[in-house]
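Number of protein chains: 2
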Amino acid sequence: MIDAGIVRVVVQDARRRRGMRDVAAAAGVSVSTVANVLNNPAVVAEATRSRVEAAMDAIGFVRSAAARQLRGLPSRLVGSITLDQSNPFYAELNRGIEDHLDEAGCMLLACSTDLSPDKELRALRLLEEQSPRGVIITPTGEQPQRLTAVSSRGTPVVLLDARQAGTDLCAVAVDHELGGRLAGEHLIGLGHRRIAFVTAGPDIEPVRQRRDGLAAASRGRDRRQERAADLVELRMAPAGFAEGTDAVISAMLDRADPPTAAVCVNDVVALALIRGLEARGLRVPGDLSVVGYDDLPFAAHVRPALTTIARPIRELGRVAAELLLSEDAAGHRHQELVFRPRLVVRSTTGPIG
Amino acid sequence: MIDAGIVRVVVQDARRRRGMRDVAAAAGVSVSTVANVLNNPAVVAEATRSRVEAAMDAIGFVRSAAARQLRGLPSRLVGSITLDQSNPFYAELNRGIEDHLDEAGCMLLACSTDLSPDKELRALRLLEEQSPRGVIITPTGEQPQRLTAVSSRGTPVVLLDARQAGTDLCAVAVDHELGGRLAGEHLIGLGHRRIAFVTAGPDIEPVRQRRDGLAAASRGRDRRQERAADLVELRMAPAGFAEGTDAVISAMLDRADPPTAAVCVNDVVALALIRGLEARGLRVPGDLSVVGYDDLPFAAHVRPALTTIARPIRELGRVAAELLLSEDAAGHRHQELVFRPRLVVRSTTGPIG
DNA sequence: ATGAAAGCGCTAACAT
DNA sequence: ATGTTAGCGCTTTCAT
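Chains A and B supply the protein sequences, listed in that same order. With the working numbering applied, the first sequence covers 1 to 353. With the working numbering applied, the second sequence covers 1 to 353.
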C-alpha cells in the first residue's frame, strides 16, 4: 500500500536477475526485439542488434531457462540415475553421457541410488519435476512400471545396462550372458573343472546373466563331454576394496574339492579376493585363477594384472545419450542396443597346476 | 480462428503433462485449493484434501519446477564443475556433494572442464541459465573474475580445492603446501637427498602449492643443515594410467646424480611411474622411492602399496555443499575452510640404499 | 474453507 | 524492422 504522500524509491538491487525487459529498457527497444536478437538475429537491423548486445553485456543479462521451459521449449537437462556415481564404472559411464550431451548443449543431472528402490523412486520424482529432456537409468530392477509411467508422462527413459524386458523403452545393454560364458570357457580351456562364482551384494539382473553364462559354459557346449565343470557359488560382503573376503576364502578352501578358479562379479571384487588370498600366502594364478569383470582402468595396472571381461564403458554412456536425444525426432522407434563384451587375458589366470 | 460452424474437438493427449489445473478439474475444486493441498495442507478440509490427492494420483500429476522457479522459489539444482567427473578423485568429490544435497532435496548438475577455460566458461553460462541454487567449482584458475561475476549476479559460488585468493567467495581448500612438505620430510627422513617432483599436465595452483611445500622441505627446516635435499622437476605426458613415463624415467636416470626418490602429483602418476620403472627392471622402493597424492581407493591395493598423501575427499564435497546451501541463510559470511592432508606410509618408500 | 486473479520471464503469433 | 500481447504452470494475496 503506497501512501500518496510518499515517493516510492526504487532501490537498485544488484543481486536481482536482469531479464529481457531490463535489456530492452537499456537498449531502448521492445522485448520482442531483444527476443529477436536472441532467437532470430538475421531479422534485426545490424545497428539495433549491436546496441542490444552491448546492453546485454552491460547489465549482465542471463537467459532464464525456467521461463523458456514454461513456454514449452525443450529442456537442456538430462537425468542420470546410476547405482553410485563414485564407482569408477558409473563415473566413466556418466562421462560418456556428458560428452555426448555436451555436443547438444545439454547437461547431466547425476543421481545415485545405492541400489535402493526408494532412493531410485525419489530420484525419479525429483527429476521428473525438472521436466528433463529425458532420464538415463541403471535400474535397481524393482518396479519397472515406475519407469514406463515416467515415460508415458512424456519424459523419455533409456535403460542402461539392462534389457527392455517388455518395458517398451530404449535400452543400451551388454550381453552379460556372453561375458560370463567367455570367462568360463577361458578357464575351462585352461583345464579348470571346479569354478567359483564370487559376487558381492544383491543379485541384480546383470549379475544373474553373468552367472547364467558361466553356468552355460560349465555345462559344456560341445557334445563330447557330459559336463565341462562344476560351479560353486560364493557371496562376499559388499565392501568395495575392503577385506570382506576372509569368509569367502574359507568357504572356498574348506571344501572337500576346492575350486581352482574364480569368476568375480567385477574387478573390485576380484582385486579384493586376490589380496585376501595373498594375505593367506596363496598365489594367483598358482593356487587360484581369478577373472574380473569390467576392465576398469586399474585392472591392467595392479599386480598381477587382471584377466577380465571388458566392455566399452564410455561408449555405452555416449550411445545411451544419443538414443535419448533422438527420442523426440519424428518417427523414433524404441530400440535395444546390445554390446558384446570381450575377454582380456592378463596374468591372474593360468593352466591348472 | 474457430469457425462458428465447427465444433472444436479436444483430443486427449496422453503425453501432455498434467498440471494443477487438471487436478483441480478432476477434483472439482479451484487451483488455489490444489495449491493449498500442496503448500499448506493444514488449511484444507480433510475430505477435500483426500479428494484432491486422489485426483493427483489418478491423472499422474507432476509439479513443474520451472513454474515454481519463475515464481521465485529456490531452485533444487546445484552445479558442480570439476576437471573430469570420470576421474576417481572428482567422482568421489561429486558423491560427497550429492550426499549432502540429497538431504536438502537438491540435485547435482555435473560438468567436466578437462581443464579448459573455454569449457569452464561454457559450463558456467549453461549452469547460470538454469538459475541453480549455486555452483561448486574446481576452477581451472583462468579468469577468476568470471566466478565473482556469477556470484554478484546472485548465484552463489563455492571454490573447491582452491583458495579464495581475494575473490570473496566461499572456499573449501586443502593445504597442499603442507602435503608437499609432508612428502618431502618423509623422504628426507629416510635419507634421500635428491628428490624428483613428477607432474603431468599444466601447473595449476594446487600443483604449485605441492611443489612449494616440497621445496620448503628440501630447503630444510631446522638450522643444522644448509640444505636438506636437491629438487629436480620432471613432467610427464598427461595420459592417465598410460605409459607416458619413458621420457621421464630416462630424464631422471640419465642425470649425473639421479634422484633416489620421487614425489608425484597424484596417485595415478605415481602408479604409472612405478610400472614404467618395473618395465625397465628397476625396483620400487629399492631403486627409487615413490610418493603419490590423494590416496585413491586403489592406492592401498596396488603392489607395492602406495605411500601417499591423503585427504578426506568425500568430506570435502560434503562440506562444500553444506557451505553452498548455507549461503542464503541470513547473516551468511563467506568463509574458507582448509583441510590438512596427512601422510600415509605404505610400501613404495624406503630408506636410501 | 475455498476461489479469483495477478504476475514471474520468456516466446511466438500477429500487427504495425 | 520493430512493437504489442497472450499465455506457459505455478504461488500468493486478497476476496468471499
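In this text, a Cβ means the ideal position worked out from N, Cα and C, and glycines have one as well.
- Rounded to the nearest whole angstrom, the C-alpha separation of residue 283 of chain A and residue 277 of chain A is 7 Å.
- Excluding its 5 nearest sequence neighbours in each direction, residue 144 of chain B has C-beta neighbours in its own chain below 6 Å: 167, listed in chain order.
- Not flagged as an interface residue toward chain B: residue 252 of chain A, since no C-beta distance is shorter than 9 Å.
- In terms of Cα proximity to residue 351 of chain B, the closest of B/203, B/87, B/285 and B/100 is B/285.
- In the displayed model, residue 235 of chain B falls within a strand according to three-state DSSP.
- The beta carbon of residue 231 of chain B lies closer than 7 Å to those of 195, 197, 214, 215 and 218 in the same chain, with the five residues before and after it left out.
- By the rule that beta-carbons nearer than 9 Å mark a contact, residue 125 of chain A touches chain B.
- In the three-state reduction of the DSSP assignment, residue 278 of chain B falls in the helix class, which pools H, G and I.
- Interface with chain A (9 Å Cβ-Cβ cutoff): residue 109 of chain B is included.
- Between residue 331 of chain A and chain B, the shortest Cβ-Cβ separation is not below 9 Å.
- For residue 171 of chain A, the uninterrupted beta strand (DSSP E) segment begins and ends at 170-174.
- Between the alpha carbons of residue 124 of chain B and residue 248 of chain A lies a distance of about 48 Å.
- Around residue 112 of chain B, the same chain offers 82, 83, 84 and 85 as residues with beta carbons nearer than 7 Å, after the five sequence neighbours per side are excluded.
- If you ignore the 5 residues before and after residue 310 of chain B, its C-beta comes within less than 7 Å of the C-beta of 295, 341, 342 and 344, all in its own chain and listed in chain order.
- Against chain A, the CB of residue 39 of chain B has no partner CB under 9 Å away; the residue lies outside that interface.
- Taking C-beta atoms as the reference points, residue 131 of chain B and residue 75 of chain B count as a pair closer than 9 Å.
- Under the Cβ distance rule, residue 327 of chain B does not count among the residues neighbouring chain A, no pair being separated by less than 9 Å.
- Note: residue 339 of chain A is bridge-paired with A/174 in the DSSP secondary-structure output.
- Counting along the chain, no alpha helix (DSSP H) covers residue 257 of chain B, and no H or E run does either.
- Interface residue (Cβ-Cβ distance to chain A less than 9 Å): residue 70 of chain B is classified as such.
- By the Cβ criterion, the stretch 98-118 of chain A is not in contact with the stretch 50-61 of chain A, since fewer than three pairs of Cβ atoms, one from each stretch, lie closer than 8 Å.
- For residue 191 of chain A, same chain residues with a beta-carbon under 7 Å away, outside a window of 5 residues either side, are 351 and 352 in chain order.
- For residue 148 of chain A, the three-state secondary structure derived from DSSP is helix.
- In the assembly as shown, residue 259 of chain B is a buried residue. Its beta-carbon has 16 or more other beta-carbons within 10 Å.
- Using a Cβ distance threshold of 9 Å, residue 104 of chain B and residue 323 of chain B do not count as a contacting pair.
- If you look at residue 42 of chain B, you'll find it isn't in any alpha helix (DSSP H); DSSP assigns it neither H nor E.
- Around the CB of residue 338 of chain B, fewer than 16 other CB atoms lie within 10 Å, so the residue is classed as exposed.
- If you draw a 10 Å sphere on the C-beta of residue 79 of chain A, you find 16 or more other C-beta atoms in it, and that means buried.
- Residue 102 of chain B carries a helical assignment under DSSP once its states are collapsed to helix, strand and coil.
- Beta-bridge partners assigned by DSSP to residue 350 of chain A: none are found.
- The Cβ atoms of residue 127 of chain A and residue 155 of chain A lie closer than 9 Å to each other.
- Residues of chain A with a Cβ closer than 8 Å to the Cβ of residue 302 of chain B are, in chain order, 298, 301, 302 and 303.
- Ranked by how close their Cα comes to the Cα of residue 264 of chain B, the residues B/254, B/34, B/331 and B/307 have B/307 in first place.
- In this structure, the beta-carbon distance from residue 256 of chain A to residue 184 of chain A does not fall below 9 Å.
- Secondary structure note for residue 330 of chain A: it is in no beta strand (DSSP E), with a DSSP letter that is neither H nor E.
- Classified as exposed, residue 41 of chain B has fewer than 16 neighbouring CB atoms from the shown chains inside 10 Å of its CB.
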